[in-house]
Every structure is written in C-alpha cells, then in structure tokens.
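I have placed the structure first, in the form of structure tokens, so that the comments after it can refer back to it.
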Amino acid sequence: MGLALSTPVDEMDGPYKKRWAALGVLCLSLLIIVMANTSLTVAAPDMTKALGLSSSDLQWVIDGYTVPYAALMLILGAVGDKYSRRGALVLGLFVFGAASVAGSLVDSAGAVIASRAVMGVGAAMIMPATLSLLSATFPRAERAKAITIWTATAGLAIAVGPLVAGALLEDHGWASTFLINVPIAVLGIVGALLLVPPSKATGVDKIDYIGGLLSVIWTGSLIYMIIEGPHFGWGAKAIAAAVVAGVGLVCFVLWELRHPRPILDVRRFGKRAFAGSTMAVALFFLAVFGAFYYLTQHLQFVLGYSPLDTGVRMLPLAGAVFVGGALTAVLTPKFGMKVTVTLGMVVGTVAIALLTRVDVSSSYGDFVAPLVVLGLAIGLALSPCTNAIMGSFPEDQLGVGGAVNSTSIELGGSLGIAVLGTVLSKTYSSNLADAAAKAAAHGGPKIPAKALDAAQDSVGAGLYVAQKVGETVAAQAAPKLGAQQAKSLGAQQAQTMVDAVHQAFADAVAHTSVVGAVVLGVGTVLVAFLLPRGVGKAEPAASSAKSEQRESVEV
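With this note's numbering, letter number 289 in the sequence shown gets 1167, and the count goes up by one each step, no holes.
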C-alpha cells in the first residue's frame, strides 16, 4: 500500500476528516504562483543590473509568465477534470519548481524569459486545480468558508511576495527569489499526495480540444496585445495580436455554441450572477494590480525604502484582507452577495481615491489608510464572487470553473498594469519634461536630450540619470572650483534633479489613481446592476435541499 492518499471524497463515509489540512496544501500552492509575480517587482532592479536588461527585456521577464499562465488555464483545467485534478496540481508544482531552478541558473535575458514562461505553464496547471480540488473536497455547506480562506491567501501573497523577496535580497542575489519556490513546491507535492484526496470528473468522454485551442489563441493574443501595445507602441505586432484575439474570440464563441459538450458553455455569461461575478473579479484585480504596480515603486524610489522595508510596509494590506474575509462570512449570508460585493467594490474605489492625495511630501503614514481599506475591499468582494463562479459549474467541470475565475484575475491584472502603468508612465514623462524645462529656465542644469529621454523611461532611470548629471557637473567644474567645491556643486545639481524626479512621479501616482478610481467606480455601478438580489443569502434549513437541487438544474 502506497503512502499517497488514494480514496476519493465521494467514496468516503461522511466529509473528509483532514479537509482543512488539505486546504492548507492548496493555499500553499496558490501562494507561490501569486508570489512569483509580486516578488519579481522587488527583484527587478537587481536583475536588471546583473543581466544588463533593457526596459523591453525586463517587461518580458515579468510578462513572459503571464501569457502562458492566462492562455492555458481553461484547457488545462478541463484536462485536470477528466484525468486527475490532483495529478494536475502535482505535475504543475513539479514544472513550476523545475523552471524556477532553471531560472536561477541562467545568465541571459532570453533564458530568464523562457524560464518564466515555463513557470507560467506550471501555474496554469496549479491555479485551476486548487479551486477544483477545494470544491471537490469540501461539502457545499463549508465551501464558502474554504473559498474565503483561499481568497485571503491570494491577498496575502500580494503583500508577502515583496517581503520575502526583500528579505532574500538583503544577503543574496536575484536568483534567490526563484530558488525560494523550490522547497515550497516540494512541500506542496508531498502534501498533495498525503493530504489531498484524488478527484476527477465522472462521465466525461471527450474534451473539446478545438474549443480549448481557440481559447488559447484568443486569450494568449489578447494578453500579448495588452502587454505589447501600451508598453512598446501600437505597431504591427500589437495590431496583429488584436486582430487574432478578436477573430479567435468570435470563432471560440461560435464553436462553443454549436458543440454538444463545450469546454466552456458561453451561455453561462447570460446569467447575471455569473457575468457580474466574473466582471467584478476582473475589474477588481485591474485596480489592485495597477495600484500595487505604482505603490511599490513609490515606496522604493520616492520614499527610499529597501526591498525588505517595502515588503514590511505592505503587510497592513495582507492583514486587512483576512478581516474583510471574516466580514464576508457574516455579511453575505445575511444580505446576499450583491450587497457584499458592491460594498467591497465601493470600499476599493475609496481606497484608490485616497491615493489621489499623494504628493512629494507624503510619508508612509499617508499610505497606511489606503492599504488597509484596499485589503478590506479585497476580502469583501472576491470571496463571494469566486464562490458564485464555482457554484455555477457542475461537479464534472470544477477545473473549468477554477480556470474561468483565475483567467478573470489574470486578464484584469494584466489590463490594470498595462492601462494604469501606461497612464503612470506618460504622466511621469510629461511631468519630468516640464520640470526640466522650468529648472533650466531658472538657472538649473540643462539636461542633454538623450539623458532626459533616459530619465523619462522610469523613476528608477530618472534617479540614475540624476546621479550621472551630478558626476558630470562635478567633473566639469573641478578645474575651476577645485575638487571639494565641484563635488558640492555636483551634489546640489543632482539633488535638484532627484527632487524633480520625485515630484514628477508623485504627481503621476496621484493622477493615475484618479483614473483607477474612475474605472473601478464605473465598474462598481455595472456590477451592482448585473448581480441579482438574494444570491448567497442563508436560506431556512427546510428549503436548503430544494435550493441545492434547483441550483444543479440551472447549471
């Protein structure tokens, strides 16, 4: 008899006794695939220096993970449903861990991007498997609570990723942020085999591979377009990707409508609870990932915190996520998911709106309230939505349900970084150009055009150019003023430019937050309109069995 747990839940007498320990394994697996993105934002400066990455290289190091991750989830979720959900989880963890080892050993941009892409393939197996195994392992009465913990883990990973990466970078190089995945992946594999019951769908004869392929084409092309267009310009590649995404989506919908057993029944989007929940998840992560993108930069480059200090200062968000999740468990049964989700999105909009007050004199204390409010919003809004999405799928399509939820997260997050990141970049660049022109007009250093172009690329580049400007001024002034006075003059000129960079970026953060708050606010109205009343409310015990039967008929 092997050590691996071999009895499926539906063959057990009563609920699986170690289901909460199994949930811990699933949450651990979720943790590393979310941290793989958030930790990289902190490790990026070290990686750029060590590998000599261009801004284009760095963008694809980050996003090379996202494209296969988002594109493959639907088809891999369906494969997991048919053959083995636990098998998909274990294989995904193995692929993720092996690619992490490879990523830590390479020394070129192309090799790092390739390693990150393979990690994305592993993540595409892991993410839908965690939700499908959760839903298969827990009885329906406990599923909402388990999903709340799963959602809180995702929020925790957003904040913990920079903390772990910052701690590692104190004494180790960027490769350590890849290697930290390996022991966690091994622990996840062992835990999955020992604690997570095997699970697969019954009665699934064939997988709709053509529908799955079309989903890969349109989703992958859409993500590629979202990355390529805003960051590198709307040239031939971005336009071609947009055309392929549009044609692929139309073909996917038409094929799925005609297929007797589609990989995803697109008619589900005609149901208000399902459509509203997927929209809420996408819009929420658009705002959260976009805000996270510029908050970590502000803490590091404007306030001057180290990677570790930045991670520590993101922890209020993680704690607030758990509080929001606990409130969800109380509010949703009483008022229904429409009220809870709408409240969460309103609170999220308030959090982003608070960031519009940021200026160059803002201290960390000015960010605590927005972080706490944003964490509460994540906990309030996402758990009921995830529960509604998973509840819309029958037991033989839980992997597909997990894939839909996770794809919504990735599409929203990618769109948030692309849209809000573009607004941030354009505003910062414009602000810095104005500041440089004003400084030159008042006797400040005239920055060469090439140097100004480099400084406008990012806040990190701006600070680097400021240092070089100071060194150049000092070198030019040394023959006339002497070494000491020249050094002082150079430091003064460098500080003038540093102040201009800080001002330009802080103003860009405030402006971008206005855009983010407007987008999430409009989305809140749409979601509130879509979500039906009463869904998620606790029902009298006498009617619960009938309700559950009615739900199964509807899906």
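Each residue gets a CB set at the ideal place from its N, CA and C atoms; glycine is no exception.
Since this is a predicted model, take the numbers as computed values, not measurements.
When the options are compared against residue i, the one with the closest alpha-carbon
i	options	result
G1214	M997, P1262, P886, L931	P1262
S1303	V1397, D1335, G930	D1335
G1127	K1149, W1112, F1152, L1091	The residue asked about is misnamed: residue 1127 is Leu in this sequence, not Gly. Nearest of K1149, W1112, F1152, L1091 to L1127, Cα basis: L1091.
V1166	G1111, A1118, A1296	A1296
E889	K1316, P1076, A1356	P1076
I1025	L1341, A1207, G955	A1207
P1140	R1191, A1319, Y1087	Y1087
L1046	G1360, S934, N1059	N1059
G1000	L929, A914, A1231, F1152	A914
L1341	V1403, L1409, H1176	H1176
L1065	D1312, V903, M997	V903
A987	I1036, R963, A928, F1245	A928
T919	G1044, L1398, A1014, E1020	G1044
G1039	R897, F1056, I1067, V1228	F1056
N-terminal and C-terminal residue of the alpha helix (DSSP H) that residue i is part of
i	result
G1113	Looking at the DSSP string, G1113 is not in any alpha helix (DSSP H), and its letter there is neither H nor E.
K1358	1337 to 1359
S1240	No alpha helix (DSSP H) contains S1240, which DSSP labels as neither H nor E.
K960	944 to 960
M819	The question about residue 819 has no answer here: the residues shown for the chain are numbered 879 through 1433.
I1141	Neither: I1141 is in no alpha helix (DSSP H) and is coded neither H nor E.
Y842	Because the chain here runs from 879 to 1433, residue 842 falls outside it and cannot be looked at.
G970	963 to 983
V1074	Unbroken run through V1074: none, as it is neither H nor E.
L1057	1054 to 1057
Per-residue DSSP class, three states only, for residue i
i	result
A1079	coil
K1304	helix
L1293	helix
P1006	helix
F1016	coil
H1389	helix
K896	coil
A882	coil
S1425	In this predicted model, S1425 has a pLDDT of only 43, less than 50, meaning its place in the structure is not dependable enough to derive any value.
D891	coil
Q1334	coil
P1326	coil
M1192	coil
V1431	Residue placement at V1431 is flagged as unreliable, the pLDDT there being 38, under the threshold of 50; the coordinate-derived value follows with that caveat. Note: V1431 maps to helix in three-state DSSP.
A1419	Low per-residue confidence applies at A1419: pLDDT is 46, beneath 50, and the placement is therefore not dependable, though the value from the model is reported in the following sentence. A1419: helix per DSSP, three-state reduction.
K1023	helix
K1084	coil
V1236	coil
P1108	helix
Sequence-distant residues of its chain with Cβ nearer than 8 Å to residue i (five each side left out)
i	result
S1430	Only weak support is given to the placement of S1430: the predicted model assigns it a pLDDT of 41, under 50, and the value that follows is read from those uncertain coordinates. Cβ neighbours of S1430 beyond the five flanking positions: P1272.
K1424	Model confidence at K1424 stands at a pLDDT of 46, short of 50, so the residue's coordinates are unreliable and nothing is read from them.
P1108	A1296, V1297, G1299, T1300
D959	S1010, K1078, A1079, V1082, D1274, Q1275, L1276, G1277, V1278
Contacts around residue i, its chain only, beta-carbon distance under 6 Å, and the 5 residues preceding and following it disregarded
i	result
T1220	A1406
A1063	L971, F974, G975
V1301	T1390, V1393
A995	G942, P946
Cβ separation of residue i and residue j, assumed to be a contact under 8 Å, to the nearest whole Å
i	j	result
V1007	A1158	The identity of residue 1007 in the sequence shown is Ala, whereas the question assumes Val. Not quite, the Cβ-Cβ distance comes to about 23 Å (not below 8 Å), so this is no contact.
A1030	S982	At roughly 29 Å, the Cβ-Cβ gap does not stay under 8 Å, so A1030 and S982 are not in contact.
I1085	A1281	About 13 Å separates the two Cβ atoms, so there is no contact after all.
L1195	G1253	4 Å
N1283	A1022	At roughly 14 Å, the Cβ-Cβ gap does not stay under 8 Å, so N1283 and A1022 are not in contact.
T1188	T1174	6 Å
L1205	G1257	7 Å
Contact set for residue i: own chain, Cβ-Cβ below 7 Å, skip 5 residues either direction
i	result
F1163	I1287, G1290, G1291, G1294
I1004	S907, I911, L967, G970, L971, F974
V1434	Shown here, the chain extends from 879 to 1433; a query on residue 1434 therefore has no answer.
V1094	A949, L950, I953
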